[in-house]
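Last residue of the sequence shown? That's 195 in the numbering used here, and every number before it is there in order.
Here is the structure we will look at.
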Amino acid sequence: MMFFFSFPIIEKTELKLDEQEIIWPNGLRRKPDGIRTRRNVSVVTIAAKPFIFVRSGNDCDPSTEVLCPRKKLNDSINDEYENFCCRGYCIDLLQELSKNLSFAYTLHLVADSKYGSCEK
Numbered sequence: 076m077m078f079f080f081s082f083p084i085i086e087k088t089e090l091k092l093d094e095q096e097i098i099w100p101n102g103l104r105r106k107p108d109g110i111r112t113r114r115n116v117s118v119v120t121i122a123a124k125p126f127i128f129v130r131s132g133n134d135c136d137p138s139t140e141v142l143c144p145r146k147k148l149n150d151s152i153n154d155e156y157e158n159f160c161c162r163g164y165c166i167d168l169l170q171e172l173s174k175n176l177s178f179a180y181t182l183h184l185v186a187d188s189k190y191g192s193c194e195k
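Okay, structure coming up:
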């Protein structure tokens, strides 16, 4: 036994927007280009090969490395930092994101070289 089914064609509602008909702020007829504002992001990282390679010094190669200071762990009141150079996949990714998304960043290494702690 064979059955045949037929279904009616259902027309879909289609929404169209003509940007030429929109009156933008300040009475503009042309869509504004938009404004990109620069944001500053503070990034904390840890040495984790192959994602982040770290070497001591402040003579970083600008084509592949970024200065990433680490706060010294001591009882001193003054904030003292050791300078390191960071490179690797995550640094490359951070640099590309910074360019494409228009943000500036400051990078530093976590002081205790640990990933963090759980809080209850």
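Every residue, glycine too, gets a C-beta built ideally from N, C-alpha and C.
Please read all numbers here as calculations on a predicted model, not as lab measurements.
Distance between beta carbons of residue j and residue i, contact taken as under 8 Å
i: S188; j: A179; result: The pair is not a contact, with the Cβ atoms about 26 Å apart (cut-off 8 Å).
i: I127; j: I166; result: 7 Å
i: F159; j: S131; result: 6 Å
9 Å Cβ cutoff met for residue i and residue j
i: Q170; j: V129; result: no
Beta-bridge pairing of residue i - partner residues as DSSP gives them
i: K146; result: Y156
i: L184; result: T120 and R145
i: F128; result: R162
i: L103; result: W99
Neighbourhood of residue i by C-beta distance below 7 Å, restricted to the same chain and skipping five residues each side
i: P107; result: W99
i: G163; result: P125, F126, I127 and F128
i: K147; result: E155, Y156 and E157
Sequence-distant residues of its chain with Cβ nearer than 6 Å to residue i (five each side left out)
i: L182; result: V118, V141 and C143
Neighbourhood of residue i by C-beta distance below 8 Å, restricted to the same chain and skipping five residues each side
i: A186; result: R145, K146, K147 and L148
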